[in-house]
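A short write-up of the structure that comes next.
There are 2 protein chains.
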Amino acid sequence: MRCEVVAIGTELLLGQIIDTNSSWIGERLATVGIDSFYQTKVGDNHARIVGTLRQALERSEAVICCGGLGPTQDDITRDAIAEVMGVELEFHPEVAEHIRHIFESRGRQMPENNLRQAMVPAGASVIPEQPGTAPGLVCPVGEKVIYAVPGVPYEMHQMMETAILPDLTRRAGFSAVIRSRTLRTWGHSESKLAELLEPRIVELDRSGQATIAFLASGIEGLKVRITAKGADEAAAYAAIDAEEPHVRGLLGDTVFGVDGDTMESVVLEMLRARGLTLAVAEVTSGGIMATRLSALDPHGEVFRGGIVPTAGAVRTKLLGVPGELLGTFEAAKTLASAVRAAFGADIGLATTGQHDLGDISGAAQTYLGLDIEGTLDVERVRLPGDRERVRQFSVISVLNALRLRLAARAGG
Amino acid sequence: MRCEVVAIGTELLLGQIIDTNSSWIGERLATVGIDSFYQTKVGDNHARIVGTLRQALERSEAVICCGGLGPTQDDITRDAIAEVMGVELEFHPEVAEHIRHIFESRGRQMPENNLRQAMVPAGASVIPEQPGTAPGLVCPVGEKVIYAVPGVPYEMHQMMETAILPDLTRRAGFSAVIRSRTLRTWGHSESKLAELLEPRIVELDRSGQATIAFLASGIEGLKVRITAKGADEAAAYAAIDAEEPHVRGLLGDTVFGVDGDTMESVVLEMLRARGLTLAVAEVTSGGIMATRLSALDPHGEVFRGGIVPTAGAVRTKLLGVPGELLGTFEAAKTLASAVRAAFGADIGLATTGQHDLGDISGAAQTYLGLDIEGTLDVERVRLPGDRERVRQFSVISVLNALRLRLAARAGG
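First to last, the sequence lines map onto chains A and B. Heads up: the first sequence is residues 0 to 411, going by numbering that gives the first Met the number 0. Heads up: the second sequence is residues 0 to 411, going by numbering that gives the first Met the number 0.
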């Protein structure tokens, strides 16, 4: 069973709106086990919409088209689908009534334009859930089907969950469910990860209990996804549970979390479990680490706070370190220790490096200082990218350094 | 001249990554006056990529394909383009050397896999700018062309600006140039802005010297774009220059900047021009303001630094304020004053509010404290959205409050 996604709207092509709907639909289709090989964006042009829908129906058994169901002259999805079906549009009085009711419940009168939204291709049915003024449509084309949903995300989501996904899986005759789990990793390059996982991927291709895929996630590291199919959810997760130790065995301590975990959520959780508090001095990262930590720990149970001591006099006055101490190994050590003392925390972290001294070449070193209950340590790293990326990388790098030290201590 | 965009990667179809590249490219194409009627996402499948590229070349004179240029087995864009061109891949030693150099400059050895990235379709040329390991490619197909760029946004952006857009406009033989200028605004709702601009938009529709469009830009306010066509760049900008005062007249002091300006770049520039320095205490915003300011002023010429004083004891010890002072009008005033004194700056800003006390309802107030050379002031605002949006909004709001006060002072 293949299902394509067609997103309709000139504003999508012009980049005025980012098409997040197709991604969301693609993710949901993958989760229930329906292949989606193409996703297309097309503008508000009758001939091009018709051509795109026809081609999609040639390649796939189902098409979900998103957008162009509004009340204005630009909204021509209904007309295009009618042409593909070879039928006329029909007025559905009960849809018109529903739209009128929505306006009235907001204390407003329905503009006449909105009656366009009650025009439905002959032979199509209206999706019962209709949170907004645009009805969703199920439009049979021979044995195949076009679903039309509005571009408003929450309206589209409701129609997908209650009507379209159930209809698709019924059409596909599915009995199996597909589930996946993502391992978050930090520390390997993409090619190194490929090399480590390659043998296992080949093995799984033969045995077929689960599959492994990995993908880059920008400065947040690489994700490794384990996917399995089962008769029900429990069976799918059992296959994932059986596979996970193999993958973790290959990746070692580069795995920092699962699914929605982030580096900071994992570190905060480790600190919370150990009853430890944290403070940070950010020269290189300039506040990024505090931003990420404070987002998850607003009341400072673990994260006591941070300082961005840009001016030398600030470093002297508030942290008691020499103002000229900056961008060196020594500076990272001293700042980590000083922020720990000044903030009364168990652990102090610091980011500083040659970028802070004005060296923005690729050769510039970054120094990550850690003071863990009085044990001082500095990691020296050369981070890739422009200054903004170095700032970002310095944060995840120093948090990862802390994570590994905490884990090693627990094991020791 | 028509140019399609093809985004390549199974992870895009699965919704693991949202395709923001196509939107960005679409926006840039529109700005330089090149039509883009279709944007397609296709997975890492040779036959489907080849078919998609062939169809795109039938409909359009140029295709930009994005992604699939990495070092792994999944990265097959090079091979697919070679098939469309009817040529073989050739090894480019100078590209390999460049990739090796990138690894070495990070103190790492190049994995053998990365040599795949030095394979280039015969007859294609390599885009000189190559910020990462993936080279961008210009691949002629008869009179038409396929451009291949990596999916990493900042790498793609560089190649688009320096090589692809100039090549496209040259191919299009444009005699007229289209230029635009974006006014950044903060403070009006979208409907208020529409109301203010409507008469002028109608007027321009008749006279046609320039056009006005506006678009929401999330927490960064609303953008108003003035676009004009001219025989050359100077003529286009002259038409924009003539229109800009009309638009500014309608929008008043909600216009904070132009094009690439941000609220923090504008505020930093105003402070620099006046010889004033700044320090910030961020409870609500938790480091976001320091992050934004430090990105633009790394050496603290204006921005002396910031503090995220999450724990009460930290507020007492480092800022000399009572630990329990939080989330109130009084707290904002006191923190602004205290951070100004502690950091030895001319101006202190502070964010705190009822969110910091655990009230995450829509009714929660945020207090923005300003101490401008000893003149104390607090703005009380009710910011929309969840906690993360409130954090973000508090920053742009307090910076805007400072901007308006500095501007008023200069005028008075």
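Glycine included, each C-beta is placed from N, C-alpha and C at the ideal position.
{"Query": "The stretch 178-189 of chain A in contact with the stretch 213-223 of chain A per 3-pair CB rule at 8 Å", "Result": "yes"}
{"Query": "Complete runs of the beta strand (DSSP E) confined to the stretch 253-331 of chain A [at least 3 residues]", "Result": "254-257, 277-281 and 302-307"}
{"Query": "For Arg107 (chain B), the three-state DSSP class (helix, strand or coil)", "Result": "coil"}
{"Query": "Spatial distance of Leu52 (chain B) from Lys40 (chain B) (CA atoms)", "Result": "11 Å"}
{"Query": "Own chain residues within Cβ distance below 7 Å of Gly14 (chain B), not counting five before or after", "Result": "none"}
{"Query": "Integer-rounded CB distance, given that Ala212 (chain A) should sit under 8 Å from Val176 (chain A)", "Result": "Their Cβ separation, rounded to whole angstroms, is 18 Å, which puts Val176 (chain A) and Ala212 (chain A) out of contact at 8 Å."}
{"Query": "Inter-residue spacing [alpha-carbon to alpha-carbon] between Met158 (chain B) and Thr309 (chain A)", "Result": "34 Å"}
{"Query": "At least 3 beta-carbon pairs within less than 8 Å: the stretch 291-301 of chain A vs the stretch 278-286 of chain B", "Result": "yes"}
{"Query": "Leu250 (chain A) vs Leu196 (chain A) beta-carbon contact at 9 Å", "Result": "yes"}
{"Query": "Sheet register partners of Asp34 (chain A) (DSSP bridge)", "Result": "A:Arg1"}
{"Query": "For Glu372 (chain A), the three-state DSSP class (helix, strand or coil)", "Result": "coil"}
{"Query": "Three-pair Cβ contact test at 8 Å for the stretch 120-139 of chain A versus the stretch 88-97 of chain A", "Result": "yes"}
{"Query": "Cα-Cα separation, Ile395 (chain A) to Val389 (chain A)", "Result": "10 Å"}
{"Query": "Distance between beta carbons of Gly25 (chain A) and Lys228 (chain A), contact taken as under 8 Å", "Result": "With a Cβ gap of about 18 Å, Lys228 (chain A) and Gly25 (chain A) do not count as contacting."}
{"Query": "Ala61 (chain B), enclosing beta strand (DSSP E) - first and last residue", "Result": "Ala61 to Cys65"}
{"Query": "Phe328 (chain A) versus Ser360 (chain A) - alpha carbon distance", "Result": "18 Å"}
{"Query": "Chain-order list of residues whose beta-carbon lies under 8 Å from that of Cys2 (chain A) (same chain, five-residue window excluded)", "Result": "Leu28, Ile33, Asp34, Ser35, Ser59, Glu60, Ala61, Val62, Ile63 and Leu167"}
{"Query": "Cutoff 9 Å: Pro297 (chain A) Cβ touching any chain B Cβ", "Result": "yes"}
{"Query": "contact_flag[the stretch 344-355 of chain A, the stretch 337-346 of chain B] where n(CB pairs < 8 Å) is 3 or more", "Result": "no"}
{"Query": "The stretch 262-278 of chain B in contact with the stretch 198-209 of chain B per 3-pair CB rule at 8 Å", "Result": "no"}
{"Query": "Cross-chain neighbours of Lys105 (chain B) in chain A, by beta carbon under 7 Å", "Result": "Note that residue 105 (chain B) is Arg in the sequence shown here, rather than Lys. Near Arg105 (chain B) (Cβ distances below 7 Å), the residues of chain A are Arg381 and Pro383."}
{"Query": "Interface flag, His45 (chain A) vs chain B, CB-CB below 9 Å", "Result": "no"}
{"Query": "Classification of Gly411 (chain B) by the beta-carbon crowding that lies within 10 angstroms, buried from 16 upward", "Result": "Any reading at Gly411 (chain B) needs caution, since the residue's pLDDT is 45, under 50, leaving its predicted position unreliable; the model's value is listed next. Exposed is the call here."}
{"Query": "Beta carbon of Met162 (chain B) nearer than 9 Å to that of Val137 (chain B)", "Result": "Note on residue identity: the sequence assigns Ala, not Met, to residue 162 (chain B). It is a contact, given that the beta carbons lie within the stated cut-off."}
{"Query": "Burial state of His354 (chain B), where buried means 16 or more other Cβ atoms lie within 10 Å", "Result": "buried"}
{"Query": "Between the CA atoms of Leu382 (chain B) and Gly352 (chain B) - distance to the nearest angstrom", "Result": "10 Å"}
{"Query": "Which residues DSSP lists as bridging Lys40 (chain A), in chain order", "Result": "A:Ala6 and B:Gln38"}
{"Query": "8 Å Cβ shell around Pro120 (chain B) - same chain, five flanking residues per side excluded", "Result": "Arg77, Ile80, Ala81, Met84, Val86, Glu87, Leu88, Glu89, Leu136 and Cys138"}
{"Query": "Own chain, CB closer than 7 Å to His91 (chain B), minus 5 neighbours either side, in chain order", "Result": "Ala117, Val119 and Val125"}
{"Query": "Glu300 (chain B) to Arg271 (chain B) span [Cα, whole Å]", "Result": "8 Å"}
{"Query": "Same chain, Cβ closer than 7 Å to Thr333 (chain A), five either side skipped, listed in chain order", "Result": "Val320 and Leu324"}
{"Query": "Pairwise C-alpha distance: Met262 (chain B) and Gly256 (chain B)", "Result": "7 Å"}
{"Query": "Ala227 (chain A) - DSSP class collapsed to helix/strand/coil", "Result": "strand"}
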